Each structure stands twice: as C-alpha cells, then as structure tokens.
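Residue numbers (UniProt numbering): 1 to 181. From the three backbone atoms N, C-alpha and C, an ideal C-beta is built for every residue, glycine too. For clarity, every value in this text was computed on a predicted model and none was experimentally measured. Notes for the one structure printed next.
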C-alpha cells in the first residue's frame, strides 16, 4: 500500500505518522487453524502407529498373510480381500483412535487435507498412510516384510566379487598363505 503524503493516525500527543512505502511488500506467514489442526492429527497418528497395540495388530496381520505375496508383476486374486481386510482392520483402528483423541475428527476432511500437505509429512508416516489407499505401496510393504522374515533384507552380498590377491590357489578346506604381517 502506498500513500502520496504522510498519513497521521491517533489523537492528541500520540500521533503515528505513516510514510510512503512505495513498492515495498511485506509478507507475513501465519499458520492457519487448518494447518494447526492437520499438524495435531499427524502428531496423533505418529503416536498411534508407534503404540504397542497398533504394532501388534499390524505384525499379527502381516504374519498371517506375508507368505501369500510374491515379487512378480502379476497380482494374485487373493491380494484384493487381504487389502480390504487390512484397510478394515488398521485404517479403522487409526480412525477410531483419532475420534477418541480428537472429538469431531472427520476422516474424509483429513484425507483431503492430506493430499494438500503430502510434501510436509515425514516419509514413514506418509508411507504408512499410503498403504491404505495405494495397493502397490501395500504390496511393497508385504514384500519387504517377507524379505525380512526370510532373512533377505538389504543384501549387498550378491553385488560383491571376492578376488584372491595371492597367486597360489588353495583347495577347499586349506588356508591360503597370508601376505599380511
């Protein structure tokens, strides 16, 4: 806002003179009530999914079905009812917990807000929430769980090649001479 001449505000001996500020723009960032509400919900979701009850529910569910999932392009028909059961069990658990903690909580409104704030959410929380709406994220979660259960976590061993620096070869069971002193 620019004024052509000084503007005086106030009465008596308390007068404030506003100078012409021409093209100076001031931007003030204020967190809205909606943003604060969203942050509160996310904080509660973090507490819920880190809680023992949720962890136990999820682990039990995954133990029940992880052998059904295979790392192939083709999706088995059994995946659909498992996905639906997962949503019914775990998403409903989170929603019920949020409704107890935050009177007036509305999952539909939160889901809309989630889309607008998805870049602001930590990876783990977003990934967890994504498993309720994105089947591929759900399947990937199960494949990771299966790999972990079968001892196939992050294994870089397949990418390593061991080459002997010794010129002499040894038979299996024999030790190669050591050149390191």
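Residue i classed as buried or exposed, judged by whether at least 16 other C-beta atoms fall within 10 angstroms
i, result
"residue 129", "buried"
"residue 34", "exposed"
"residue 138", "buried"
"residue 58", "buried"
"residue 131", "buried"
"residue 121", "buried"
Residue of the options minimising C-alpha distance to residue i
i, options, result
"residue 95", "111, 140, 123", "111"
"residue 147", "83, 63, 122", "63"
"residue 133", "58, 36, 115, 38", "115"
"residue 81", "39, 65, 120", "65"
"residue 40", "150, 113, 135, 152", "113"
"residue 85", "38, 32, 61", "61"
For residue i, three-class secondary structure by DSSP
i, result
"residue 121", "coil"
"residue 59", "helix"
"residue 44", "helix"
"residue 49", "helix"
Sequence-distant residues of its chain with Cβ nearer than 7 Å to residue i (five each side left out)
i, result
"residue 97", "48"
"residue 46", "125"
"residue 44", "98, 101, 102"
"residue 107", "95"
Same chain, Cβ closer than 8 Å to residue i, five either side skipped, listed in chain order
i, result
"residue 118", "126"
"residue 79", "68, 69, 135, 139"
Cβ-based neighbour list, residue i, same chain, cut-off 6 Å, excluding 5 preceding and 5 following
i, result
"residue 54", "48"
Task: contact_flag[the stretch 63-74, the stretch 134-143] where n(CB pairs < 8 Å) is 3 or more - done: yes
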